[in-house]
Amino acid sequence: MTSAIQGMTLGVEARQALGDFATRYPRLAVLTGAGVSTGSGIPDYRDRHGEWKRSPPMQHQQFMGSHAARQRYWARALAGFRVLGEARPNPAHRLLAELEGLGRISGVITQNVDGLHQRAGSRRVIDLHGRADRVRCMACGASRMRHALHAELARLNPRWADVSARAAPDGDADLEADFSDFRVPDCSRCGSGIWKPDVVFFGDSVPRESVARAFALVEESDALLVVGSSLMVFSGFRFARAAARDGKPIACFNLGRTRADDLYALKVEAPVEASLAALRDCCGA
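Structure below.
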């Protein structure tokens, strides 16, 4: 049964519950979502009720099967990816890295693709959905840094280089236009392959190796802590379900409803930075 502690501030009751949880379960596996990166200026997908704030992101089959879809994606990405590229770790990322350094976090499984956990100093990070700062050829497997592809796209499409639009969570942007003249280069190594962000699009599968590593991390830890995720996507929810099945307690720091609300031993509905700071204080830092 969930012990829900709600409110925008963390009072005595919440801190006592966190202290009890930290004492009983000293090594936590952490699963993070978009709510950890909103403090870095990266928008999230869902509202407090777990509903979409905007149209769902690009589908894998759509991207691979339609040149027009790729034109639209890469044109919009020239504007939208600037937010991800310029983002910096916020206190939530740094607190998670600090807790790992204290030996209280065994590792981080993240649904985010921004690489901010690593930049904040977290050492054991499983990028469940890949990394948005890399692209991969879907024919020959060649990889390159995304900023290099974006520089090539800007050279090929100079009138699109400085277009501004509201950024979306995955580096996309809210922009509608005629994209039919947008030039998208093929892979220069094999000559015909499609460049795709090295991330798991909707409708794609998380690599088995990443899933296996994440399950192993949960298994070796005393408990699971969900931070900033509604768990509406099964790729993250599966780890909460597995922890519950194995009798491992789950705590959650998230504002609003999640898919696993009935599985938590403790849920704190407060900003994730404040919740993580309170957890750090409970751990004696």
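At the far end of the sequence shown sits residue 552, using the working numbering, and the numbering has no gaps. Heads up, the beta-carbon is just placed ideally off N, CA and C, and yes, glycines get one too.
{"Check": "Alpha-carbon to alpha-carbon, R456 and R526", "Outcome": "43 Å"}
{"Check": "Cβ-based burial, D287 [other Cβ within 10 Å; buried from 16]", "Outcome": "exposed"}
{"Check": "Sufficient close CB pairs (3 or more, under 8 Å) joining the region 452-470 to the region 392-407", "Outcome": "yes"}
{"Check": "Residue span of the alpha helix (DSSP H) that contains D483, given as start and end", "Outcome": "According to the sequence as given, residue 483 is Ala; it is not Asp. Start and end: R475 to E487."}
{"Check": "DSSP bridge partner residues for T299 (one or two, in chain order)", "Outcome": "T377 and V494"}
{"Check": "Neighbour-count burial assignment, E476, 16 or more Cβ in a 10 Å radius", "Outcome": "exposed"}
{"Check": "DSSP bridge partner residues for L533 (one or two, in chain order)", "Outcome": "A518"}
{"Check": "Bounding residues of the beta strand (DSSP E) (the contiguous stretch that carries S455)", "Outcome": "S455 -> no beta strand (DSSP E), and no H or E assigned at all."}
{"Check": "Terminal residues of the alpha helix (DSSP H) in which A435 lies", "Outcome": "That residue, A435, is in no alpha helix (DSSP H); it is neither H nor E in DSSP."}
{"Check": "Nearest candidate by alpha-carbon position, reference L484, set M331, P310, G278 and L395", "Outcome": "L395"}
{"Check": "G444 versus A532: straight-line alpha-carbon distance, rounded", "Outcome": "At residue 444 the sequence reads Ala, which differs from the Gly that was named. Those two C-alpha atoms are separated by around 48 Å."}
{"Check": "Distance between D448 and P358 (C-alpha atoms, nearest Å)", "Outcome": "42 Å"}
{"Check": "Option nearest C519 by Cα separation, candidates G438, E536 and D381", "Outcome": "E536"}
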